[in-house]
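S.K.: In short: position in the sequence shown from 1, add 406, done, that's my numbering.
Just so it is clear, CB atoms sit at the ideal spot from N, CA and C, and this is done for glycine as well.
Treat the numbers as computed from the prediction; the structure is a model and nothing was measured.
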Amino acid sequence: MSKKKNNQQNEEDNLVSSSDIEVAPNFHFGVQYFIPEWDDLVDPGYEFSTDSFTPNRHTYTDDKYAHQIYTKPNYDGILVSKVVVDKSKRKKAHIEQVGGIHKFIRFEGKIMGDCGAFGYITEETPPYTTVEILDYYQHFGFNYGVSIDHLIVGKFAEPGVREKRYNLTLNNAEEFINQYQAGQYKFTPIGVAQGWSPESYAKAVKEIIDMGYEYIALGGLARTPTKNILEILRAVRPHLNSHIRMHLFGVGRINGVQDFHHLGVTSFDSASPLRSAWLDSAANYHTLSGKTYAAVRIPPVDKHGLRVKRVLEAGISSREELKQLEQNSLKALREFDAGKLTVEETLSVLLAYDNLLELPRDGKVKPEAQARRQRQHTQMYRKLLEDQPWKQCDCAICREIGVEVIIFRGNDRNRRRGFHNTYVFYQRFKQITQR
C-alpha cells in the first residue's frame, strides 16, 4: 500500500466518531448496502487445475452471481445502471426474454435502477427522456428507480457548467416525480441531487423533498474525501425527517458508514470491495480483521496478456521458459497449501517467474524498476504465505477453492476473490451498524 493510501486510511480511521453525532430523524430505517451489477459472474464448473471452462456454457444462463454461491446474499440489494444494460444488446434481449431484471439476476431482494451518469458524463445532456426511463424501470420490474442526473465533477464542476448540470438534474427530478404521479408506476421513485459544495447539495435536497420524494440520493461523491462527505451530510441533515430515506451513490467507506448512518444515510452502493480483488495494487484479499493481502500474480502465458506479450516481444524470455515458470508457480502454491513446501521454497519458485514480468519500456526493462518489483512482491508474498489467510476463512469461496482464491489470474479466480471480499465487507458492515 502506498504512503498516500496509508495516510488516507489513517485519516478515515480517525473519522469514526458517531458517538458525538446527533442521530438523524430517519435513523430508524437502518442502513442497507447495494452492490452495482457489472456482469460479475463466474463459471460454476471452472476447472482450476487446467484453467478450462465448462463445455458449451452460456454466460447469462449457466454462470453464477455471488448470491447464488453463498447461502445468503452479501448485500441487501443490487444497483443496475441503464448504461451498463444498454452496452450489450444480447444482455438487454436476455432480460426481456426471461421476464425482467429480477429473473435475469436471479435475485429476490431489492433492485435499484439508475441511468449511470458516469457513462454519459462528457455529453452536454443525458441521452434519455424522463418517460423513457420511467417506462424502462416499470417494464423490467425494478423496485426503485432514480431520476435522470448529470455529474458535477472534475472539469464539469467549473462555474457556468456546474450550474447548468445542477439545474438540469433538478428539473429532471421534478419532471420525473410529476410524470410518476400521473402514471400507473409501481416502483419507488428516487430523486437524485448533484452539487459541488455542502450548500449546493443541501439546497438541492430541500427542493427534491419539497417536490414530494420520500427517497432521495446524493450523486457525484464517489471520489470525494470522507471528511468532505460528512460536511455535505451535516448540511443536508436539517432537511431530513423521519419518513425520508437517503442513498449515497458510489461510496462504501467501511470506516465512515456509522457516521454516514447517523447523519441520515439509509442506503449506499459500492463495488470497491469486489473490484479491489483485481484493481488494487496490493490489497486484493480482505479479512474480517481488516488486514489485507496481495494476491500472487501468475499471468497465463497462452492468453497473450499485455505484460507477457511485452516480455516476449522484448526478447526477455522465451515462451517455453515463461510457460515452464508459470506452471512451476501454480504447482508450488498448491504443494505449499498441502504442506509439501516451505514458505522460502515456495517464494523462490514464485519469484523466478515474477522477476521476469516487469513491464518493458521501449523494449527494455529498467533494472531499478525490476529491483523495486522484486522487493515489493517478496515482502507481500512472504506475508501472504506466512499468514495463509485463505485457510482461516470459512466463506463459501475459500472453503470450495482454497489456495486458488489468492492467485491473481483470470476472471474466474479474480471475481471469486472479489466475492470473498464482498462477503468480508458485508460481515464487517453488519457488525458496525448493528452495534
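Can you check DSSP and say which residues form a bridge with D675?
M.R.: What you label residue 675 is simply residue 269 of the sequence shown in a count that begins at 1. In DSSP, D675 forms a bridge with F440.
S.K.: What is the rounded straight-line gap between the Cα of N817 and the Cα of A563?
M.R.: For the purposes of this step, residue 817 is taken as residue 411 along the sequence shown, with counting starting at 1. For the purposes of this step, residue 563 is taken as residue 157 along the sequence shown, with counting starting at 1. Cα-Cα distance, rounded: 36 Å.
S.K.: Just to confirm the assignment: which complete alpha helix (DSSP H) runs, minimum length 4, are found wholly within the stretch 761-805?
M.R.: As far as the stretch 761-805 is concerned, its whole alpha helix (DSSP H) runs of at least 4 residues are 773-793.
S.K.: Among the candidates V657, I507, L576, whose CA atom is the shortest distance from the CA of Q544?
M.R.: In the sequence shown, counting from the first residue as 1, residue 544 sits at position 138. Checked all of V657, I507, L576; the closest Cα to Q544 is I507.
S.K.: What did DSSP end up calling R841 once you bin it into helix, strand or coil?
M.R.: Counted from its first residue, the sequence shown places residue 841 at position 435. It is coil, neither helix nor strand.
S.K.: Measure the C-alpha to C-alpha separation of N761 and I807 and round it to an integer number of angstroms.
M.R.: As a first step, residue 761 must be located in the sequence shown, where it is residue number 355. As a first step, residue 807 must be located in the sequence shown, where it is residue number 401. Roughly 27 Å between the two C-alpha positions.
S.K.: I need the boundaries of the alpha helix (DSSP H) containing T465, first residue and last residue.
M.R.: Position 59 of the sequence shown, counted from the first residue, corresponds to residue 465. Taken as a continuous stretch (DSSP letters only), the alpha helix (DSSP H) holding T465 covers 465-468.
S.K.: Please look up how many angstroms separate the CB atoms of K488 and G515, rounded, as I've assumed it's under 8 Å.
M.R.: Within the sequence shown, residue 488 is the residue found at index 82, counting from 1. Within the sequence shown, residue 515 is the residue found at index 109, counting from 1. With 8 Å as the limit, K488 and G515 do not qualify as a contact, their Cβ atoms being about 20 Å apart.
S.K.: Suppose only complete runs of 3+ residues qualify. What are the beta strand (DSSP E) ranges in the stretch 636-671, listed by chain order?
M.R.: Taking only runs of at least 3 residues, the beta strand (DSSP E) segments lying wholly in the stretch 636-671 are 651-654.
S.K.: Pick out whichever of T535, T531, I539 has its Cα sitting closest to the Cα of N573.
M.R.: Residue numbering aside, residue 573 sits at position 167 when the sequence shown is read from its first letter. The residue with the shortest Cα to Cα distance from N573 is T531.
S.K.: Suppose you measure from the CA of A738 to the CA of Q776; what does that come to, to the nearest Å?
M.R.: The count along the sequence shown starts at 1 and reaches residue 738 at position 332. The count along the sequence shown starts at 1 and reaches residue 776 at position 370. The alpha-carbon atoms of A738 and Q776 are separated by roughly 22 Å.
S.K.: Indicate whether the contact test is met: 3 or more Cβ pairs, each with one atom in the stretch 818-827 and one in the stretch 439-454, closer than 8 Å.
M.R.: As far as the Cβ criterion goes, the stretch 818-827 touches the stretch 439-454, which means the pair count is three or higher.
S.K.: Rounded to whole angstroms, what's the CA-CA distance from T465 to S606? Just pull it up for me.
M.R.: Along the sequence shown, read from residue 1 onward, the residue named residue 465 stands at position 59. Along the sequence shown, read from residue 1 onward, the residue named residue 606 stands at position 200. Going from the Cα of T465 to the Cα of S606 covers about 44 Å.
S.K.: Determine the closest residue to G483 out of T828, E620, Q837, with distance taken between C-alpha atoms.
M.R.: The residue labelled residue 483 in the question sits at position 77 within the sequence shown. Of the candidates T828, E620, Q837, the one whose C-alpha sits nearest the C-alpha of G483 is T828.
S.K.: To the nearest angstrom, how far is the alpha carbon of S408 from that of K772?
M.R.: In the sequence shown, residue 408 corresponds to position 2, counting from 1. In the sequence shown, residue 772 corresponds to position 366, counting from 1. Low confidence applies to S408: its pLDDT is 43, below 50, so where it sits in the model is not reliable enough to give any reading.
S.K.: Below 8 Å CB to CB, which residues in the same chain sit around N432 once its five sequence neighbours on both sides are set aside?
M.R.: Within the sequence shown, the letter at position 26 stands for residue 432. L646, N647, S648, H649, I650, R651, M652, G670, T672, listed in sequence order.
S.K.: Check Q519 in the structure and name its three-state DSSP category.
M.R.: Taking the sequence shown and counting its residues from 1, one reaches residue 519 at position 113. One point to set straight first is that residue 519 is Gly, not Gln, in the sequence displayed. Here G519 sits in strand by DSSP.
S.K.: Tell me which residue opens and which closes the alpha helix (DSSP H) that S487 is part of.
M.R.: The residue given as residue 487 occupies position 81 in the sequence shown. Element bounds for S487: not the alpha helix (DSSP H) but the beta strand (DSSP E), 483-487.
S.K.: Please confirm whether G436 and T839 have their CB atoms less than 8 Å apart.
M.R.: Sequence index remark: in the sequence shown, residue 436 carries index 30 (1-based). Sequence index remark: in the sequence shown, residue 839 carries index 433 (1-based). Yes. Within cutoff.
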